[in-house]
Structure formats: structure tokens, C-alpha cells
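Numbering (the working numbering), first residue to last: 434 to 760. C-beta: ideal position from N, C-alpha, C; glycine also. What follows is a set of notes on a single structure, which appears directly below.
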């Protein structure tokens, strides 16, 4: 018997950035079950249904009013050009719409949609992010929010925030991965032709995202590392692959990925371990070795730090029938 699809509702406002609405409607329906059954139902609502202006040269027709929020499991609030006004204030109809969201639902913003969540008091005392270009205004307007403008997204449990438009893709994949595992999220990313995983802690503004063609990049070292995650990968060895000193390699690596080599390697090893736990029956000791963690204890430590789960719990959750005698 199929599970009831998770109900995702996107709350839009006049001046909508259309790409952000499209991200949610494109990605979540691609997540399907073994027999092709939908895992998500995605609806769009507005405080007042009907024609809603976008930042493009077109409007969209929104069929639903805020009543559909009453039984939502997950609510997205994308950005609007209203968020960029110097005197930003939360309209009463938007506040009333947010009040309809049930207590157990999760709420996520894309880009400056975080202004809405903050103005509604949903981010008070919480860590959050928004587009780096709006960070100073956000801090002045909402001093009770612990703003981190340097990351792609923040998973704050019941309330999540993401940075610019493309980081909304990362947040959607994160939510799909969290609910249904790496394999499902990877399938969605493959169908959408987007990167399967960028860690939320990655920098949202990488100054040298495209390497200078006159200089070497670290791409060859990263490809080598992905093929050799099972073994130790000293920085000196990776740097030598690119004919760089360790210092130059580390600086250029961070310029190109937004992460240090150690942070990037740890993230890739966690993703490899998740894949093995979902798709194989290998003992946890072997999963730890193949992913480069060395021991089950080390794997357990990193998986708990990232996901709050032990290897066996993760396997039991995302590989039905999967069991392992190492907790």
C-alpha cells in the first residue's frame, strides 16, 4: 500500500521570483517510489488567489488561497521584489496565511523569503541565512536572528532557510535526501541535471567559481580523491597531483569549492557511506573502510554529527529490511 504523499505548499506573493517557484515544482515531483508512485504533492497558494505578478514580463495564475496551508507538511516561501524595499514590512494577509500552517509542519524559505519568516518571528533566536547581498539589511531589521550569510542553506529543524535562487535546489535535494535517502535524491538530481549534493555549509559566494584558464585548478585532484575514498589521502599527495605546494593547493581548493580539502573529503566520505548503507548489505566495518573512515567507530561519529543517526539506524530507515549488528 502506497504512503500518502507529503503535501508541499508554496506560498507566493506579488513580485515573485519565478525560478524559485519552479524549483519546488520541478524537483519534488521527480521523487517517486519503487512503482513510480508520487512521494510528494505540490500546490501553490497566495493570500488572495488569482493573478500574481512576477519579476518577469508575465503573471501566474494561482488557484489556491491560504486554506490549503492548513494541512501542509512542508511550506516554502520564495522571494519577492517586496523584500528589497527599504521599509519592508510583513503584510497582514501574509501573516494571516502563515498562521494557518499546522504546528507540526516544516517551513522553508528561498533567498530573501527569509525576511518573511523573520518578520513573522519564526527565526527569533535561530541560525538562518539569506542572500549575501541582503545580509546587512536583514541584520539591521532582525537583530534577534543569528544570521550566517556565508552558507548555502541552514537546516534549523522546523524552520529552514536558503540563500540565493540556486541554493533552493540544494535545500530541496537536502529535504528529499533527509526523508527518502541518498538514492532517491540522486535520482532526482540526475533527472534535473543538477549536482546531487552541495553541503549546506559550503560558501554561497565563491569568488573564483570559474578557475582562471591560465592557472591550474584542483579538478584532477578531486576526481582522484573520489576514485580513492577508501584510502588515506594526504594533502601533500593531492597537491602534488596538481604540481602545487600544500599551501597553494589548499587556498585554490577553497577558492573553487568554498570548502577546505578536509571538509570536502569528509562530506564526500559521508555521502559514499550513505550510498553503501542504502544499496548494499556490507557490514558496517566494511562500509567504514570503503568510505575511508577506517573504523566503524569513526563512521558512527561522522554520521551522527551530520545526520544524528547511527549507521544501523540509517540503513534500517532508508533500506527497508536492512539490518546490521553494529549499532
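Distance CB(residue i)-CB(residue j) smaller than 8 Å
i	j	result
residue 558	residue 577	yes
residue 502	residue 541	no
residue 476	residue 497	yes
residue 702	residue 662	yes
residue 509	residue 441	yes
residue 574	residue 491	no
residue 693	residue 681	no
residue 460	residue 625	yes
residue 732	residue 747	no
residue 462	residue 487	no
residue 593	residue 539	yes
Residues sharing a beta bridge with residue i, DSSP
i	result
residue 510	542
residue 732	Paired residue(s): none; residue 732 is not in a bridge.
residue 492	486
residue 579	560
residue 455	In the DSSP output, where bridge partners are listed per residue, residue 455 has none listed.
residue 586	595
residue 478	444, 497
residue 747	Per DSSP, none; premise fails for residue 747.
residue 465	471
residue 449	487, 513
residue 615	In DSSP, residue 615 forms no bridge with anything.
residue 439	473
Cβ of residue i within 8 Å of any chain C Cβ
i	result
residue 595	Of the chains in the structure shown, none is chain C; there is only one protein chain.
Alpha-carbon spacing of residue i relative to residue j, whole angstroms
i	j	result
residue 617	residue 666	29 Å
residue 543	residue 447	15 Å
residue 529	residue 444	12 Å
residue 588	residue 686	25 Å
residue 590	residue 561	11 Å
residue 620	residue 464	8 Å
residue 511	residue 472	22 Å
residue 698	residue 743	20 Å
residue 595	residue 551	13 Å
residue 527	residue 505	16 Å
residue 546	residue 597	10 Å
residue 586	residue 603	8 Å
residue 656	residue 709	19 Å
residue 719	residue 659	17 Å
residue 513	residue 652	36 Å
residue 535	residue 623	33 Å
residue 518	residue 740	37 Å
residue 525	residue 707	44 Å
residue 453	residue 605	11 Å
residue 713	residue 738	22 Å
residue 725	residue 483	54 Å
residue 556	residue 580	10 Å
residue 717	residue 614	17 Å
residue 669	residue 676	10 Å
residue 567	residue 727	43 Å
residue 745	residue 489	48 Å
residue 696	residue 723	18 Å
residue 751	residue 715	15 Å
residue 499	residue 749	37 Å
residue 449	residue 721	45 Å
residue 457	residue 479	15 Å
residue 608	residue 537	16 Å
residue 734	residue 515	44 Å
residue 582	residue 654	29 Å
Buried versus exposed call for residue i [16 or more other C-beta atoms within 10 Å across all chains shown]
i	result
residue 481	exposed
residue 678	exposed
residue 691	buried
residue 439	buried
residue 468	exposed
residue 600	buried
residue 641	Confidence at residue 641 is low in this model, with a pLDDT of 42, below 50, so its placement is unreliable and the value that follows should be read with caution. So residue 641 ends up on the exposed side.
residue 485	buried
residue 466	exposed
residue 664	exposed
residue 549	buried
residue 628	exposed
residue 563	buried
residue 470	exposed
residue 610	buried
residue 711	buried
residue 730	exposed
residue 379	Outside the displayed range of the chain (434 to 760) lies residue 379, so it cannot be described from this structure.
residue 700	buried
residue 689	buried
residue 704	buried
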